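To convert, count from 1 in the sequence shown and add 6; that's my numbering.
Glycine residues also receive a C-beta, built at the ideal position from the N, C-alpha and C atoms.
It should be emphasised that the depicted structure is a prediction, and the values quoted were computed from it without experimental measurement.
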Amino acid sequence: MSFQLSREQFRTMILYDWKIGLTYKDNPARLVQAWREQAPSDHTVFNWFREFQRDNFSVQDAPRSGRPSTSVNEQTIDAVRKIIEDDPQSTYQQIENILGISSTSINSIIHDYLNTRKVCAPGV
């Protein structure tokens, strides 16, 4: 039986080991014994033990500033579709400037969601 554990589940196991008095040196071996290559690195375990010592017991990912984890959503897909329909010769750079999303996201939207290709050869 093979299944993936989430980061939060591993963090909960690390918190439990910290709570019962194991050290950050003991925890990784236990995780590797049970979860093999899925287990978090020694460095990750050390960082979480340090967080718990600071009385930070949240095992959830902390919110981060900046661009959201994904710019690919219904709104941006529709916006890219409209830009291309209005001006089929628009470039990735133009779309990037208009929408403020990365060219990687634009590429994903064009190829994976709109199932189309952007022809970049002028005069064709």
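1. Would you decide whether S84 is buried or exposed? Buried here means 16 or more other CB atoms lie within 10 Å of its CB.
2. Go to V86, then tell me how far its alpha helix (DSSP H) extends in each direction, as first and last residue.
3. According to DSSP, simplified to helix, strand and coil, what is S4?
4. Which of the three DSSP states is assigned to S108 in this structure?
5. Which of the three DSSP states is assigned to T97 in this structure?
6. Quick one, are the C-beta atoms of S109 and E102 less than 8 Å apart?
7. I'd like to know if the segment 47 to 56 and the segment 20 to 30 are in contact, where contact means that at least 3 CB-CB pairs between them fall below 8 Å.
8. Is it the case that the Cβ atoms of V86 and I116 are separated by a distance below 8 Å?
9. Please state whether DSSP places N121 in a helix, a strand or coil.
10. My output table needs one value for P34: the three-state DSSP class, helix, strand or coil.
11. So does the segment 60 to 71 actually touch the segment 38 to 52, counting three or more Cβ pairs closer than 8 Å?
According to the structure shown:
1. Taking the first residue of the sequence shown as position 1, residue 84 is located at position 78. Reading the sequence as shown, one finds Asp at residue 84 and not Ser. With fewer than 16 Cβ atoms within 10 Å of its Cβ, D84 is classed as exposed.
2. Within the sequence shown, the letter at position 80 stands for residue 86. Residues E80 to D92.
3. Nothing can be reported for residue 4, as the shown portion of the chain is limited to 7 through 130.
4. Locating residue 108 in the sequence shown gives position 102, counting from the first residue. Residue state, collapsed to three classes: coil.
5. Translated into the one-based positions of the sequence shown, residue 97 becomes position 91. Coil at T97, not helix or strand.
6. For the purposes of this step, residue 109 is taken as the residue at position 103 of the sequence shown. For the purposes of this step, residue 102 is taken as the residue at position 96 of the sequence shown. Cβ distance < 8 Å, so S109 and E102 count as in contact.
7. yes
8. The residue you call residue 86 lines up with position 80 of the sequence shown. The residue you call residue 116 lines up with position 110 of the sequence shown. A contact, by the Cβ cut-off of 8 Å.
9. Residue mapping note: residue 121 aligns to position 115 of the sequence shown, counting from 1. It is coil, neither helix nor strand.
10. Along the sequence shown, read from residue 1 onward, the residue named residue 34 stands at position 28. P34 falls in the helix class under three-state DSSP.
11. no
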